[in-house]
Every structure is written in structure tokens, then in C-alpha cells.
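Chains as they are written, first to last, in the working numbering: chain V, 251 to 645; chain H, 251 to 645.
Below is one structure, written out as C-alpha cells, with a few remarks after it.
Right, here's the structure in full:
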């Protein structure tokens with residue numbers, strides 16, 4: 251190994267308006283650089299306790315088992331499935347986007363039999379179809395839905411599904427990776443048994459942790475397992491002996507990421523959860539108005555659109571990559587492209603957490619207008635920003 | 251949720267001399283606070299490439315599949331087992347400490363049959379016993395050893411084991427969580443097929459990533475699997491399509507942790523790997539001399555002691571916790587206690603990465619002397635620091 255070191259780290263500043271990560275508050279950046287502690291240091295275990303208290307408030311739950319899993323949102327998903335499913339169990343899973351598909355893959359890797367309830371990418375899962383699936387099986391162990399489908403921009407209603415899960419005695423698992431901290435999520439009031447999220451969306455913390463919560467009903471299922479959880483790293487009974495019921499060493503917690511999450515949760519507390527959700531609503535609606543005023547078509551089903559992530563169809567004749575590269579190179583804005591069947595067909599524009607600002611609503615509309623006009627897309631100058639400004643004033 | 255936010259983060263500065271995390275260089279702290287990017291941003295994908303290049307140099311390997319797994323060292327361990335073992339496979343695993351035991355647990359959760367090769371905690375695994383275990387089975391899929399047993403302070407020789415793995419056509423897996431960056435590790439020269447580490451030990455980066463490498467022979471086994479890897483999050487074929495063979499989205503990489511690792515690897519490059527290993531050797535030996543000069547007994551087998559983590563027996567009549575709390579409260583030093591059968595019997599003193607300094611060698615000896623003398627332990631004032639200084643001068 252030579253003593254010449256490769257170039258120093260010097261990342262450009264980006265306006266992060268994709269499907270996550272979102273921009274983070276400078277206080278969160280600073281928190282990561284706080285003095286490093288051991289994972290059993292008394293000061294750190296206090297930070298753990300306070301983080302758990304704040305996470306409970308965010309999830310709106312009293313669940314004792316509430317803590318961040320040491321991996322990204324996808325590790326949270328895997329923990330949600332591998333702890334509660336055993337080979338031969340039946341899981342009913344809503345599939346209307348990439349993350350529903352990923353849930354199916356996870357459940358199958360646990361040896362479970364999956365009954366998918368599908369819908370077009372961008373539309374919600376119909377509660378009647380969920381009931382049909384539940385009815386078709388002798389005993390369903392788990393019903394799983396994605397609250398906010400990051401790949402399509404659709405917001406799944408949960409009330410009826412929760413009622414059905416109870417009626418058919420299935421555990422109710424909900425993925426809130428993209429909704430938590432931006433849309434209303436109420437784990438206890440909504441009867442959610444297992445819920446996980448990610449830090450890098452509406453919580454505005456860097457990626458690396460998956461907030462997780464499970465209620466006593468779910469834990470009873472865990473205790474009744476006939477075999478060990480197939481993942482040692484994500485085994486909730488081992489994890490909770492470090493996070494919830496004692497301080498038994500399991501793995502070395504990602505200390506700096508927990509610092510960052512703690513600071514991000516403090517910022518959420520200071521803003522107030524209701525005010526924060528209201529901010530996401532206001533900015534999201536303004537973006538929707540602005541895009542429609544530009545003659546663009548929103549992709550997700552009307553009445554079920556996310557405020558934190560907007561999907562918009564790419565107009566015919568417009569080159570997906572060219573526009574996204576223009577945004578990146580000329581405006582330093584990141585947005586997301588489509589995934590799976592929506593690749594090349596939609597853009598995904600995030601307004602999450604610290605990125606959900608009036609300034610960003612106006613910026614992205616202005617930038618898109620400039621770039622689309624350059625490509626010959628017929629557009630009335632200022633149409634988008636004018637409509638968005640009006641919507642912002644009205645709210 | 252009320253608008254009053256809990257107390258600001260204000261961790262004390264600790265001298266981290268436990269089994270990890272070690273202290274990190276201020277440059278690594280700063281790196282985490284660099285502007286956040288998306289996980290597909292062209293600047294970030296360049297950082298990924300450069301990180302992989304530096305990791306290859308550290309592992310001393312040409313393996314294309316070399317990258318950090320998005321979890322702590324334990325996630326690296328799980329990835330090492332769940333990708334290569336299928337139900338019914340036979341694994342021979344060296345067990346002479348907590349991490350050997352954890353390997354057994356991991357392998358069993360993959361449905362593998364484990365043939366343990368045991369040794370007392372603190373002693374190395376005997377190559378003859380390894381051969382006996384390999385010989386006793388019709389076909390062994392994998393031989394796994396912990397290079398540096400963090401729970402005992404023993405350094406496992408690998409040459410003979412590597413030869414045996416080849417002879418019996420088993421994959422050779424080595425855990426280098428505590429050795430990489432502090433002791434010599436040479437993946438290719440030593441014939442290691444699968445190797446993982448952790449960032450928070452001798453690499454001196456915060457916990458949260460597990461550097462991982464696997465050679466083409468291991469990958470051929472992966473490709474020949476008859477069923478999917480049971481973990482979606484740790485599935486190497488999916489991970490390598492993001493890290494190694496393309497930029498296909500798998501999960502959102504923990505961007506800031508990758509920044510930190512990149513900076514820590516740059517620092518290693520600047521120091522030079524050989525010089526770094528020499529530094530760990532020099533400081534480790536000085537600590538050994540100092541502790542022995544204080545009349546204390548080193549726990550790990552002579553000739554096979556780690557330089558980066560020293561285990562020392564707690565003298566009779568001395569209260570484990572009282573001394574460790576004295577170190578923490580009076581000197582702000584963290585050291586580790588014993589685990590499993592060694593609980594209350596040994597202390598574990600780390601000199602890893604940025605924490606491996608002459609100053610820390612002298613500090614811990616001075617502090618231990620003060621605290622032990624207070625407890626009535628017979629000690630000649632300055633015995634430890636004098637012996638250590640002499641050893642440092644001689645080197």
C-alpha cells in the first residue's frame with residue numbers, strides 16, 4: 251500500500267428531492283460528529299432510552315419494543331417478516347409497487363406461503379380484495395401493507411385493512427418507511443401490530459437505521475415460535491435484550507447513527523408532529539397544483555396521493571435521463587426516476603422532512619419548466635410556480 | 251407530542267480502550283458531516299469505487315466482490331454464513347470464545363450441521379483437532395475460524411488451517427473483525443475464501459459497516475445454490491449488483507457511514523499498512539510488559555496474544571466493576587469486562603487504530619496502578635509505566 255492517499259472527500263451540495271435520502275438539518279450533521287462512546291457507556295444508554303421515548307411518540311405507540319434496528323429500512327422490513335413468519339405460515343401481502351414485491355420476496359425467504367393482493371402500480375389495494383384473500387385461506391398469520399409506496403406515490407388507507415386483520419386473526423404489519431414523520435401514522439390507534447420505517451425519508455436523518463415497533467400481540471407470536479429466527483442479526487428477542495429489557499450486549503450499536511436519529515427526533519419534537527404533517531401536506535399539495543398547471547399528469551390515484559413523494563408522468567417525447575441530468579448538473583437537484591414497470595414513465599419528486607420547504611416547491615417547478623421548455627415541451631412561462639404560490643397562500 | 255425537546259446531545263470525551271469502538275480521528279468525524287448525497291449520485295458512486303479500492307488494499311485481495319455491508323461486524327458474520335451455507339451443509343467451526351459460539355449459532359440458523367472444534371477460552375484452536383473434524387465428515391462445506399477472538403485476546407494462526415481447508419475442499423471463512431488494520435491480514439496470500447470485518451476496531455471508524463470480501467471460488471458456491479439466500483438484506487448477489495457489477499438499487503446505502511469509512515481508509519493509506527501494524531505491535535507489547543511488571547497475569551495463551559486487545563486476569567479480591575467504574579469516572583477511560591465464562595475474571599484492554607498510542611499505554615497503566623493500589627493491591631509505584639516506557643524505547 252503506497253503512502254499517497256486518494257482524493258479528499260468533497261461532495262457537492264445537493265437539493266435532495268428524490269425518494270430519499272432527504273436533506274438533513276445541520277444539527278443532525280453535527281450530532282454525528284459528537285464524541286464517540288462505547289455501546290455500553292452509561293451516557294450512551296441514556297441516549298438510547300431517550301431515543302426510544304421519542305420514537306414511541308413518533309410512532310404514536312406505547313409499545314415497549316420500540317427501537318431503531320441497525321440497518322436501513324430494508325433491514326426493518328426483513329426484521330418484520332423473519333421474526334413473525336415460520337415455514338408454512340400464510341401471509342397476505344398487498345402488492346402495488348416495488349416495496350410490496352420486496353415484502354413478498356422477504357416472506358418467501360422465510361418459507362412462508364404468500365397470497366398476494368395486487369393492484370396497478372399507482373393505485374391502492376382494494377379492501378374487498380384483501381378480505382377475499384383472507385377468506386380464501388384457513389388461517390392467515392400476517393397481513394402486510396405498504397403505507398406509502400415509494401415506487402408509485404400512492405398512500406394506502408389502513409382502517410378497513412386493520413379491521414379485517416383483527417376479524418381474521420392475522421397480525422397486521424405496516425411499512426411506514428416513507429410516511430413516518432410526514433404523513434399521519436398512529437400505530438396504537440390504528441391497530442398496527444408490527445411497524446417499521448427508515449431514517450432517511452421524512453425523519454431527515456442519514457440512512458442507516460430502521461425505526462421498529464411491535465406490540466405485545468406480535469411478541470406473543472414471537473415467543474410461541476417453534477424454531478429460532480433465521481437471522482441472528484435481526485432476532486428481536488436478542489435485540490430487545492439490549493434495547494428494551496436490559497443492556498445485554500448483542501452487537502455494537504451504530505453509535506453515531508443513533509446520535510443523528512436522536513437529534514432528528516428532537517427537531518421533530520420542537521416542530522411538533524402535527525405542524526410537521528401539516529407542512530408536508532401544504533407543500534405537497536402546492537407541488538401537485540404546480541405540476542398540473544404545467545400540463546403534467548400526476549401518476550398516483552387521485553385522492554390517494556402522497557404529500558411527501560409526488561409521482562408525475564413524463565410527457566411523450568421527453569427524455570427521462572436528459573431532464574434528470576439537467577436537474578442534477580444545472581440545478582444540483584436530485585429527483586428519482588421510475589422503477590420496474592414505471593421506469594422511464596414517471597419522475598418521483600420528494601418533499602420529505604427538511605427537504606419539504608416552499609423554496610424547494612418553487613425551485614423544482616422553476617427548474618422543470620426551464621428544462622422542459624428547452625426540450626420543446628409547450629409550457630406557459632411561470633405557470634407552475636404561479637399555481638404553487640397561489641396554493642401555498644391559500645393554505 | 252409536546253414542543254419541549256429533550257436535552258441536547260452532549261457526550262463526554264472518552265478514551266476508548268475497550269474491545270471497540272476505538273477512538274476515531276477528527277477527520278473521520280468531519281467526513282460524516284460532509285454534504286449528504288443520494289445513493290445513486292455520480293459523486294457518491296465514485297466514493298463507493300474508491301472505498302472498494304482502499305478496502306481491497308486493506309484486505310490484501312484482488313477480489314472483485316469487496317465492499318462494506320450495511321450493518322455492523324455481526325451483519326458481516328451473518329452474510330458470511332447465510333450466503334454460503336444451505337440446510338444440510340456441514341460446517342467445521344473453531345470455538346474458543348464468544349465469537350466462535352456466535353458463528354455456530356449463525357450456521358445453525360442457516361440449517362447447517364455444525365462440527366465444533368473447541369478450545370479453552372484464551373487458547374488457540376489446534377490444527378490437528380481441525381484436521382480430525384474435517385476428516386470425520388464425508389464432505390465439509392466450510393471451515394470457519396475467528397482470527398482475533400475479541401472475547402479472549404487470542405490470535406489464531408491460519409496457515410495450517412488454510413492448507414487443510416484446501417485439502418478437504420472446504421471454503422475457508424475467517425472473521426477479522428478485530429484484527430483487520432491492526433494485525434497482518436492477507437486474504438489472497440493466506441488462501442481465505444470469505445472474510446469480513448468491522449469498522450469500529452482497528453480501522454477506527456464508527457460502528458455501522460462490515461467490510462466484506464469473497465473470492466471467485468466462494469462466489470461459484472453462491473451461484474450453485476439450490477435455494478435463495480434466506481436473508482434478502484444480506485444476499486450477496488443482490489448486494490454485488492449495487493456495489494460490484496452495476497449500480498442497481500438494492501437498499502439505500504448508509505451514505506455518511508461510507509464517507510467515514512472512506513476517510514478512515516485514507517488515513518490508513520497515509521500511515522501505511524505496515525507502519526500501522528508495527529505501531530500496534532509496539533504499543534501492544536509495551537502494554538503486556540507494563541501489566542506483567544505490575545504483577546498481573548495476561549490471560550491469552552503465550553505466543554498467541556493479540557497486540558490490539560490485551561486480556562489480563564483480575565487479581566483475587568479485586569472488584570471488577572469498581573475498577574472499571576473508577577477508570578470511567580476518574581479517568582474517562584473505557585475498557586471491557588469479561589464475557590461468558592470470563593465474566594468477572596478478566597479485563598479487556600484495547601489498543602486499536604487511533605486509540606493505539608504510547609500515551610494511552612502509559613495512561614491505562616498509570617490509572618490501573620492508582621485504582622488497584624487504592625484497593626490494597628500490592629504494587630510498586632510506577633512499575634507498569636516504567637516497564638512499558640522501556641519496552642517502547644527498545645522497539
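A virtual CB, placed ideally from N, CA and C, is assigned to each residue, including glycine.
Query                                                                                                                                                                            : Result
According to DSSP, is residue 509(H) helix, strand or coil?                                                                                                                      : helix
Please classify residue 332(V): does DSSP put it in a helix, a strand, or coil?                                                                                                  : helix
For residue 251(H), would you say it is in contact with chain V, using Cβ-to-Cβ distances shorter than 8 Å as the test?                                                          : With a pLDDT of only 41 at residue 251(H), under the threshold of 50, the placement of this residue in the model should not be trusted; the figure read from the coordinates follows. Yes - at least one Cβ of chain V is within 8 Å of the one on residue 251(H).
According to DSSP, is residue 425(V) part of a helix, a strand, or is it coil?                                                                                                   : strand
Sorted by chain position, which residues of the same chain lie with C-beta nearer than 6 Å to residue 516(H)'s C-beta, five sequence neighbours on each side aside?              : none
Using a 10 Å radius around the Cβ and a threshold of 16 neighbouring Cβ atoms, would you call residue 450(V) buried or exposed?                                                  : buried
One question on the structure: do residue 282(H) and residue 510(H) come within less than 8 Å of each other, judged by their Cβ atoms?                                           : yes
How should residue 454(V) be labelled, buried or exposed, when 16 other C-beta atoms within 10 angstroms of its C-beta is the threshold for buried?                              : buried
Within its chain, find whatever has a CB closer than 7 Å to the CB of residue 255(V); leave out the 5 residues flanking it on each side and keep chain order.                    : none
Using a C-beta to C-beta distance shorter than 7 Å, which residues of chain C count as neighbours of residue 516(V)?                                                             : No chain C is part of this structure, whose protein chains are labelled V and H.
Taking the alpha-carbon positions, what's the residue 596(H) to residue 518(V) distance?                                                                                         : 44 Å
Quick check on the DSSP output: what are the complete alpha helix (DSSP H) runs of length 4 or more inside the segment 552-627 of chain H, in order along the chain?             : 570-581 and 608-624
Which partner residues of residue 278(V) appear in the DSSP bridge assignment?                                                                                                   : Answer by DSSP bridge pairing: none, since residue 278(V) is not bridged.
Name the chain V residues whose beta carbon is nearer than 8 Å to that of residue 370(H)?                                                                                        : The premise fails here: residue 370(H) is roughly 21 Å from chain V at the closest Cβ pair, so nothing lies under 8 Å.
Return the residue from the list 440(V), 573(V), 414(V) and 413(V) that minimises the CA-CA distance to residue 426(V).                                                          : 440(V)
Closest by CA to residue 491(H), which one among 522(H), 578(H), 298(H) and 452(H)?                                                                                              : 298(H)
Under the rule that 16 or more other beta-carbon atoms within 10 Å means buried, what is residue 547(H), buried or exposed?                                                      : exposed
With the cut-off set at 8 Å, would you say residue 372(V) and residue 549(V) are in Cβ contact?                                                                                  : yes
List the residues of chain V whose Cβ lies closer than 9 Å to the Cβ of residue 577(H), in chain order.                                                                          : Residues of chain V passing the Cβ test: none, with the nearest at roughly 12 Å.
Return the chain-ordered list of same chain residues with a C-beta closer than 7 Å to the C-beta of residue 469(V), the five sequence neighbours on each side being excluded.    : 315
Since I believe residue 578(H) is in contact with residue 584(H) (beta carbons under 8 Å), could you give me their beta-carbon distance rounded to a whole number of angstroms?  : 6 Å
Do you know how far the Cα of residue 570(V) is from the Cα of residue 387(V)?                                                                                                   : 43 Å
Can you check DSSP and say which residues form a bridge with residue 433(V)?                                                                                                     : 430(V)
So, using beta-carbon positions, are residue 348(V) and residue 589(V) closer together than 8 Å?                                                                                 : yes
Evaluate residue 496(H) with the Cβ neighbour count: other Cβ atoms within 10 Å of its Cβ, from every protein chain shown; 16 or more gives buried, anything less gives exposed. : exposed
Rounded to whole angstroms, what is the Cα-Cα separation between residue 415(H) and residue 403(V)?                                                                              : 51 Å
What is the DSSP secondary structure of residue 354(V), counted as helix, strand or coil?                                                                                        : helix
Measuring alpha carbon to alpha carbon, tell me which residue in 340(V), 463(V), 279(V) and 335(V) is nearest residue 472(V).                                                    : 335(V)
For the beta strand (DSSP E) containing residue 344(V), list its first residue and its last residue.                                                                             : 340-345
Say whether chain H places a C-beta atom closer than 8 Å to the C-beta of residue 273(V).                                                                                        : yes
If we count the other Cβ atoms within 10 Å of its Cβ and call it buried at 16 or more, is residue 533(H) buried or exposed?                                                      : buried
For residue 478(H), which residues in chain V fall below 7 Å Cβ to Cβ?                                                                                                           : 359
In chain order, what residues of the segment 483-499 of chain V put their CB closer than 7 Å to some CB of chain H?                                                              : 483
Counting C-beta neighbours from all protein chains within 10 Å, is the total for residue 461(V) 16 or more, i.e. buried, or is it exposed?                                       : buried
Please report how far the alpha carbon of residue 380(H) lies from the alpha carbon of residue 413(H), in whole angstroms.                                                       : 11 Å
Closer than 8 Å between beta carbons: that is the criterion. Which residues of the segment 274-288 of chain V meet it against chain H?                                           : 274, 279, 280, 281, 282, 283, 284, 285, 286, 287 and 288
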